[in-house]
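This is how it looks when you write it as structure tokens:
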């Protein structure tokens, strides 16, 4: 056997185990989910009911509430993007202790959503720290039961999201900024560009690919990654007011046993994520041209 | 040259310090509360503990058997790492350095699976695991973690292995060195930093994971630490100091890994962002 042929077979056998395992535990389940989304399924018996699950999802109004909940997180992304950018630009000035600060900001990111969630749940509970703080500041009129009322429950959830994402944001943006040469800054300084001008004319434009990466990972995160946080902070409540799509799939499948309905909802979520990924591909192609 | 002190640099320092306090405060609060009785917590949740009270830790060790829970998690994480690394390392090397038909098509398919939301294959896999009798056995979580992490790990390792010098690999190939020789003597030693990076990401991600172990490990004796804290302490207990002590213990392994190995974590994040 010649060398090229040997290399060909070696390559094929090296990647084979990965594809076999992925076919069993990802490929087959996806087709299975897709098929069962057209059935009334309790895990044992599945009756074909056509598009009924999808009709239920889109007509009983629930999908709009679930989507609304995902969208609330989605529109909170520019906020943390902006905060991360500002903190990064300040870190880039390399004031005393900036390396220590950079490490500290990442600590919340390394923790489980479960830890962050329950931690914030105790802080924002009726008798928790935050209300104690408000009382000691004389702001008793602002005291509410943060997690049992809708707009404030979202504020707490988004605070958790921001608190955990800042570390990721600053690390990514710092690495993006390391590609900007100091010459560019010096040149701008000599030309008399002020701090704000340098931020808008040099820093942000050269960070565009990194900003794009940060935004896309977090957009996908708000559709597929919120489970742990929702489970620990609000449990989706009050009612279903803070339930995003992925948490509803869990509730339908593992608390009420509506596997068919949960499958259909999974397919909807899958479609949403595919559309986002497609947009991402198109945009990154456009920029690399 | 930047002057080492100026008004605007002092202002920047103060802002960064405030953000750092905001990042650290909940962690300090968690540690302080773990030393309080629940009465003391209700009366003054924000203050420092008045006495050093270790009964929360004792309760977790004796009533909830934290060591068993840590052990369960460690076994699952170790098993997952064995599967994912054993499969990802040869595949990444092949994608990076071997020429074979359909290489780029297969690579694109593998990378595309990264975008599929994990919850899409949760129900069929759950039913598959119950048919196999693997519910409440670590093997279910080990297999799911090990397999679902393959695409991401291959992506990271392939992009790192592309940087290996071809001359070195060609020399071994021409000398008639076999595949195992090449792997063991050159590829593995040169890939240690990359393998460490994906290992750390996988291990901390799994340690922190809720959904997978929550579904597959349901009896209390097989739960992972994170799931046990979320289900037993979080859902059914209003004893906040006990809950916060559990959260503190859950956080210690990831924080230790981060403090000791933060260089690898920073590198891994950057690879993702730059490619």
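Chains as they are written, first to last, in my numbering: chain A, 1 to 289; chain B, 1001 to 1275. C-beta: ideal position from N, C-alpha, C; glycine also.
With distances taken between CB atoms, is the gap from residue i to residue j smaller than 8 Å?
i               : j               : result
residue 213(A)  : residue 172(A)  : yes
residue 276(A)  : residue 166(A)  : no
residue 156(A)  : residue 233(A)  : yes
residue 1229(B) : residue 1217(B) : no
residue 17(A)   : residue 1121(B) : no
residue 1084(B) : residue 22(A)   : no
residue 185(A)  : residue 202(A)  : yes
residue 1092(B) : residue 1158(B) : yes
residue 1207(B) : residue 1254(B) : yes
residue 1097(B) : residue 1164(B) : yes
residue 1204(B) : residue 110(A)  : yes
residue 46(A)   : residue 40(A)   : yes
residue 95(A)   : residue 1016(B) : yes
residue 163(A)  : residue 153(A)  : no
residue 261(A)  : residue 56(A)   : yes
residue 226(A)  : residue 250(A)  : no
residue 1195(B) : residue 1089(B) : yes
residue 1250(B) : residue 112(A)  : yes
residue 211(A)  : residue 81(A)   : yes
residue 259(A)  : residue 43(A)   : yes
residue 266(A)  : residue 1142(B) : no
residue 198(A)  : residue 188(A)  : yes
residue 1247(B) : residue 119(A)  : yes
residue 228(A)  : residue 144(A)  : no
residue 243(A)  : residue 66(A)   : yes
residue 142(A)  : residue 176(A)  : no
residue 1262(B) : residue 103(A)  : yes
residue 1117(B) : residue 273(A)  : yes
residue 1191(B) : residue 1161(B) : yes
residue 1144(B) : residue 19(A)   : no
residue 1252(B) : residue 1258(B) : no
residue 170(A)  : residue 77(A)   : no
residue 1049(B) : residue 1036(B) : yes
residue 160(A)  : residue 224(A)  : no
residue 1029(B) : residue 72(A)   : no
residue 1080(B) : residue 1202(B) : yes
Report the residue from the options whose alpha carbon sits nearest the alpha carbon of residue i.
i               : options                               : result
residue 1187(B) : 1201(B), 1199(B), 1137(B) and 1170(B) : 1170(B)
residue 1011(B) : 90(A), 267(A), 48(A) and 26(A)        : 90(A)
residue 87(A)   : 101(A), 78(A), 129(A) and 45(A)       : 101(A)
residue 1064(B) : 1263(B), 1222(B) and 1252(B)          : 1222(B)
residue 1179(B) : 1082(B), 1076(B), 1269(B) and 1094(B) : 1094(B)
residue 1009(B) : 252(A), 256(A) and 93(A)              : 93(A)
residue 1070(B) : 1269(B), 1264(B) and 1220(B)          : 1220(B)
residue 1156(B) : 1125(B), 1168(B) and 1111(B)          : 1111(B)
residue 1021(B) : 108(A), 33(A), 218(A) and 64(A)       : 108(A)
residue 97(A)   : 1190(B), 1014(B) and 1233(B)          : 1014(B)
residue 268(A)  : 132(A), 62(A), 137(A) and 193(A)      : 62(A)
residue 133(A)  : 1224(B), 1047(B) and 1234(B)          : 1047(B)
residue 1054(B) : 1073(B), 1043(B) and 1034(B)          : 1034(B)
residue 1099(B) : 149(A), 8(A), 65(A) and 79(A)         : 8(A)
residue 37(A)   : 263(A), 175(A), 193(A) and 176(A)     : 263(A)
residue 1124(B) : 69(A), 27(A) and 139(A)               : 27(A)
residue 284(A)  : 257(A), 209(A) and 104(A)             : 209(A)
residue 280(A)  : 230(A), 217(A) and 231(A)             : 217(A)
residue 12(A)   : 1049(B), 1006(B), 1067(B) and 1103(B) : 1103(B)
residue 136(A)  : 1134(B), 1044(B) and 1115(B)          : 1044(B)
For residue i, which residues does DSSP report across the bridge?
i             : result
residue 47(A) : 40(A)
When every heavy atom of the ligand NAP is checked, does at least one fall within less than 7 Å of the C-beta of residue i?
i            : result
residue 5(A) : As far as ligands go, the structure on display features none, and thus does not contain the ligand NAP.
Does residue i come within less than 8 Å of chain E when only Cβ atoms are used?
i              : result
residue 169(A) : No chain E appears in the structure shown, which is made up of the protein chains A and B.
### Query
Which whole runs of the alpha helix (DSSP H) in the stretch 1094-1144 of chain B are 4 residues long or more, in chain order?
1103-1112 and 1122-1132
### Query
With a cut-off of 8 Å, do at least 3 Cβ pairs link the stretch 169-183 of chain A to the stretch 229-244 of chain A?
no
### Query
How do the stretch 1235-1244 of chain B and the stretch 116-128 of chain A stand: do at least 3 beta-carbon pairs fall below 8 Å, yes or no?
yes
### Query
Which whole runs of the beta strand (DSSP E) in the stretch 38-113 of chain A are 3 residues long or more, in chain order?
39-41 and 46-48
### Query
How about the stretch 1139-1154 of chain B and the stretch 1054-1069 of chain B: do they share at least three Cβ pairs that are nearer than 8 Å?
The stretch 1139-1154 of chain B vs the stretch 1054-1069 of chain B: no contact.
### Query
Considering only residues of the stretch 187-228 of chain A, which uninterrupted beta strand (DSSP E) runs meet the minimum length of 3 residues and lie entirely inside it, listed in chain order?
Within the stretch 187-228 of chain A, no complete beta strand (DSSP E) run reaches 3 residues.
### Query
What are the start and end residues of each continuous alpha helix (DSSP H) run of 4 or more residues lying completely inside the stretch 1164-1216 of chain B, in chain order?
Those alpha helix (DSSP H) runs which fall completely within the stretch 1164-1216 of chain B and span 4+ residues are 1166-1174, 1179-1182, 1188-1208 and 1211-1216.
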